[in-house]
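Asks: Quick one: structure below, then a few questions.
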Amino acid sequence: MRFVRPRWRALLRLAAWSALEAGETFLLGYALARALDRGFLAGHTGTGLGWLGLAAFGVLAGSFGTGRVHLAVAALVEPVRDDLVRRVVRRALRAPDGAAVSRLTHQVEIARDTLAGLVMVSRTFVVTAIGALIGLFSLAPVLLPVVALPLAAGLALFLATLRPLARRQEVFLAADEALAAELGLAVGGLRDITAAGAQDRVAEDVRERIDAEFQASRALARWGVLRTLAAGIGGRLTVVLLLAAAPWLLDHGVTPGAFVGALAYLTQSLIPALQSLMQGLGTSGARLFVVLRRLTADGEAQGEVRTDPSGAPGPDEAVRLRGVTFAYGPGAAPVVDHLDLTVPHGGHLAVVGPSGIGKSTLAELMAGVRAPDSGEVLRGCARVLVPQQAYVFTDTVRTNLAYLCPDGPPGDEDLLGCCTAVGARELVERLGGLDATLSPSELSAGERQLIALARAYAAPAPLVLLDEATCHLDPAAEARAERAFARRPGTALVVVAHRTGSAGRARQVLVLGGDGVERGTHDELLRRSAFYRELTGLHPSLALGDTDGVHAVAGAGLTGDRRHVVPHGPVGQVEAVRDVRDRGALGGE
């Protein structure tokens with residue numbers, strides 16, 4: 277109701293067009309009774325045909341109303357779907373987890389379709405009940421309790437099963453999701469499972485999930501039996517009671533036509549509407565109840581990064597990792613292994629390492645896109661992650677730039693200032709200004725990255741994670757963008773670096789790979805880490821003035837080369853610098 281209530285105008289239109297269907301239901305039994313009593317049974321065939329013609333007119337009018345009802349239902353349901361999409365996206369941006377895509381693409385559509393079906397069956401039952409009960413009272417008031425009492429008893433029993441049924445449905449859906457997640461992990465890590473000899477253990481875990489879903493389905497089926505019983509009481513039992521009471525009713529003023537009209541109300545209107553209501557609310561309604569709760573839940577969802585209130589990041593910390601471990605599938609080697617890391621507000625960290633070592637995974641863990649297998653990711657502020665493949669959509673430049681601003685787009689001067697800061701101002705002017713329409717296919721990869729960088733700069737997010745977000749820009753443009761974020765007040769900047777310059781500009785550098793994790797300033801790592809020197813392509817003799825004068829890329833053609841100092845494999849596999857002095861220099865070189 278909290279979704280439907282704000283759309284009261286659509287509800288009024290729905291009620292107005294539904295009145296035609298109520299009239300059709302009323303005429304179905306009333307006109308039939310009058311056609312018999314005043315027409316055919318009284319010998320007035322024309323009168324009987326006239327009443328039947330009136331009933332036919334009611335059917336036509338009801339059909340016209342039904343067509344308009346579908347339009348009114350669409351006007352009611354489609355905004356609800358849009359509202360759910362916004363809620364899901366906001367939640368995914370705030371606390372992402374593995375089920376976000378399922379909620380957006382599958383569960384929202386379930387909610388939209390199910391809600392439309394429920395509105396239709398509930399409306400139909402209410403309209404039918406009103407028309408039929410008014411008709412029964414008009415034909416003979418004594419008919420009303422005979423029909424209404426068992427009908428109400430069946431409906432009450434059914435309504436009593438709704439909440440337990442919804443709970444069992446939720447348990448079943450949770451068990452189904454857990455089984456799907458377990459199977460997904462098993463399939464994704466099949467090679468590692470086989471290599472580690474963990475087939476029996478994984479099979480047992482899957483078997484437990486299957487058993488849990490089976491037990492949940494049995495509990496759901498037991499409550500379904502009560503729903504069937506309620507349908508029998510409210511439907512078939514009502515017909516039996518009416519037939520059994522026929523002699524008494526006919527002795528107390530009920531005419532044959534009125535009795536036939538009452539049967540028509542029951543068999544053609546009330547019982548089909550009741551069965552549709554029970555089927556809709558009992559199955560689809562329970563699913564809708566569960567899906568809406570899951571879509572609108574503000575608490576932690578399965579797979580979200582856990583935040584321990586007793587260990588929240590300090591006031592000067594933008595993000596802190598404590599013992600974080602992450603692997604792609606059971607039995608796989610960890611990509612991140614028991615990592616402790618703190619990035620303060622105003623900090624500037626570069627993450628470097630060979631391709632595939634886990635740099636992007638670490639950025640996603642810090643952003644909350646992935647959840648760690650163990651450990652904690654503690655964030656004290658909003659964050660924005662800019663990936664390598666920049667996302668730009670067809671709309672105005674202004675809408676693209678303000679996409680991550682929850683309080684509405686900033687002013688034009690502020691947006692243009694953001695563009696200027698990251699080096700996108702010239703691009704925006706060339707496109708035609710803030711009101712120009714962007715077409716992603718007409719932009720180069722570098723231009724899309726500039727738009728994404730300006731969008732991130734405009735976003736009120738103190739933690740900025742650039743995951744190779746400048747790889748399609750030239751070094752000068754990359755340096756300008758990174759310096760802009762580094763100078764932005766209160767901003768913590770994490771850069772997954774693909775160029776040496778990014779590491780040189782950062783206050784701290786985190787090196788993944790080699791013998792483990794190393795961290796320090798650029799100069800400190802050049803001194804002590806052969807692996808880092810190999811990554812950057814630099815040798816300490818260049819940066820630190822090594823007394824041996826050994827060139828990092830020595831080879832033929834260098835000044836003073838006598839073809840006796842040549843490169844031999846990666847830096848990490850050759851002798852240390854001081855060993856050259858120990859063995860004696862050749863010609864002072």
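Numbered per the numbering used here, the sequence shown spans residues 277 to 865.
Note that beta-carbon positions come from the ideal geometry of N, C-alpha and C, so glycine has one too.
Computed from a prediction, not measured in an experiment: that's the story for all the values here.
What's the call for E484, buried or exposed, on a 16-neighbour Cβ count within 10 Å?
Replies: That one is exposed.
Asks: CB-CB under 8 Å to L703, same chain, minus the five flanking residues each way: which ones, in chain order?
Replies: The residues are C695, E723, L726 and I727.
Asks: So who's on the other strand from P663, going by DSSP bridges?
Replies: None, per the DSSP bridge assignment.
Asks: With 16 as the cutoff for other CB atoms within 10 Å, does R655 come out buried or exposed?
Replies: R655 is buried by the Cβ-count criterion.
Asks: L394 and L557 - do their beta-carbons sit closer together than 9 Å?
Replies: Closer than 9 Å, so yes.
Asks: Does DSSP put S650 in a helix, a strand or coil?
Replies: Strand.
Asks: Looking at C-beta atoms only, is the number of pairs between the region 774-792 and the region 618-636 that lie closer than 8 Å three or more?
Replies: The region 774-792 is in contact with the region 618-636.
Asks: Which runs of the beta strand (DSSP E), 3 residues or longer, sit entirely within the region 720-798?
Replies: Fully enclosed beta strand (DSSP E) runs of 3 or longer: 739-743, 768-772, 784-789 and 792-796.
Asks: G533 to W524, Cα distance in whole Å?
Replies: Roughly 15 Å separates the two Cα atoms.
Asks: Grab the span of the beta strand (DSSP E) containing A896 for me, first residue to last.
Replies: Residue 896 falls outside the range modelled here, since the chain spans only 277 to 865, and no answer is possible.
Asks: R839: buried (16+ other C-beta within 10 angstroms of its C-beta) or exposed?
Replies: Confidence in R839 is poor, its pLDDT being 47 and thus under 50, which makes the residue's placement too unreliable to answer from.
Asks: Report the partner residues of R655 according to the DSSP bridge assignment.
Replies: In the DSSP output, where bridge partners are listed per residue, R655 has V595.
Asks: Are at least three pairs of beta-carbons, each pair with one atom in the region 493-513 and one in the region 445-459, less than 8 Å apart?
Replies: The region 493-513, when compared against the region 445-459, does touch it at the 8 Å Cβ threshold.
Asks: Compute the beta-carbon to beta-carbon distance between L714 and V673, rounded to the nearest angstrom, for a pair I have assumed lies under 8 Å.
Replies: Contact flag correct, Cβ pair sits at about 6 Å.
Asks: When you compare each of T390, R646, L336 and H346 to R357 by their alpha carbons, which one comes out closest?
Replies: Of the candidates T390, R646, L336 and H346, the one whose C-alpha sits nearest the C-alpha of R357 is T390.
Asks: For G864, count neighbouring C-beta atoms within 10 Å of its own C-beta (all shown protein chains included) and say buried if the count is 16 or more, exposed if not.
Replies: Low local confidence applies: a pLDDT of 46 at G864 is under 50, so the model's placement there is unreliable, with the coordinate-based value given in what follows. Answer is exposed; the Cβ neighbour count stays below 16.
Asks: Can you check the region 348-433 for any alpha helix (DSSP H) of at least 4 residues that lies completely inside it and give the ranges in chain order?
Replies: Whole alpha helix (DSSP H) segments, 4+ residues: 384-415.
Asks: Looking only at its own chain, which residues have a Cβ that is under 6 Å from the Cβ of R310, when we skip the five neighbours before and after it?
Replies: Hits under 6 Å: W327.
Asks: Hey, quick one: how far does the beta strand (DSSP E) through A626 stretch, first residue to last?
Replies: Taken as a continuous stretch (DSSP letters only), the beta strand (DSSP E) holding A626 covers H624 to V628.
Asks: Can you tell me whether V829 is buried or exposed, with buried defined as 16 or more other CB within 10 angstroms of its CB?
Replies: Reliability fails at V829, whose pLDDT of 48 lies under 50, so the model's placement of it is uncertain and no value is given.
Asks: For G430 and G511, which I take to be in contact (beta-carbon distance under 8 Å), what is that distance rounded to the nearest angstrom?
Replies: Confirmed, Cβ separation roughly 7 Å.
Asks: Is the distance from the Cβ of E297 to the Cβ of V364 below 9 Å?
Replies: No, the pair does not count as a contact, with Cβ atoms beyond the cut-off.
Asks: Should E689 be labelled buried (16 or more other beta-carbon atoms within 10 Å of its own) or exposed?
Replies: By the 10 Å Cβ count, E689 comes out exposed.
Asks: In three-state terms, what does DSSP make of H827?
Replies: Model confidence at H827 stands at a pLDDT of 47, short of 50, so the residue's coordinates are unreliable; what they give is reported in the following sentence. In the structure shown, H827 sits in coil (DSSP, three-state: anything other than H, G, I, E or B).
Asks: With DSSP as the reference, label T672 as helix, strand or coil.
Replies: The answer is strand: DSSP assigns T672 an E or B state.
Asks: Which whole-angstrom value describes the C-beta separation of L303 and G537, a residue pair presumed to lie in contact below a C-beta threshold of 8 Å?
Replies: Not really, about 10 Å apart at Cβ, beyond 8 Å.
Asks: Mapping the DSSP letters down to three states, classify H614 as helix, strand or coil.
Replies: Three-state result, H614: strand.
Asks: Would you list the residues sitting across from V345 in a DSSP beta bridge?
Replies: Paired residue(s): none; V345 is not in a bridge.
Asks: Is it buried or exposed for R388, if we count other Cβ within 10 angstroms and need 16 for buried?
Replies: Classification for R388: buried.
Asks: Under a three-way DSSP split, which group does P620 fall into?
Replies: Here P620 sits in strand by DSSP.
Asks: Could you check if P585 is buried or exposed, using at least 16 other CB atoms within 10 Å of its CB as the buried criterion?
Replies: In this prediction, P585 scores a pLDDT of 37, lower than 50, which makes its location untrustworthy; the coordinate-derived value is nonetheless stated afterwards. Classification of P585: exposed, given that the 10 Å Cβ count is below 16.
Asks: Grouping DSSP H, G and I as helix and E and B as strand, with all else coil, what is R531?
Replies: This sequence places Thr at residue 531; Arg is not what is there. T531 falls in the coil class under three-state DSSP.
Asks: Taking its Cβ as the centre, do 16 or more other Cβ atoms sit within 10 Å of F490, making it buried, or is it exposed?
Replies: So F490 counts as exposed.
Asks: From T767 to G699, what does the alpha carbon distance come to, in whole angstroms?
Replies: Using only the alpha carbons, I get a separation of about 18 Å.
Asks: Taking the alpha helix (DSSP H) that G693 belongs to, which residues open and close that run?
Replies: Counting along the chain, the alpha helix (DSSP H) containing G693 begins and ends at D688 to V698.
Asks: Quickly, what does DSSP pair T713 with across the bridge? List them, please.
Replies: DSSP lists T672 as partners of T713.
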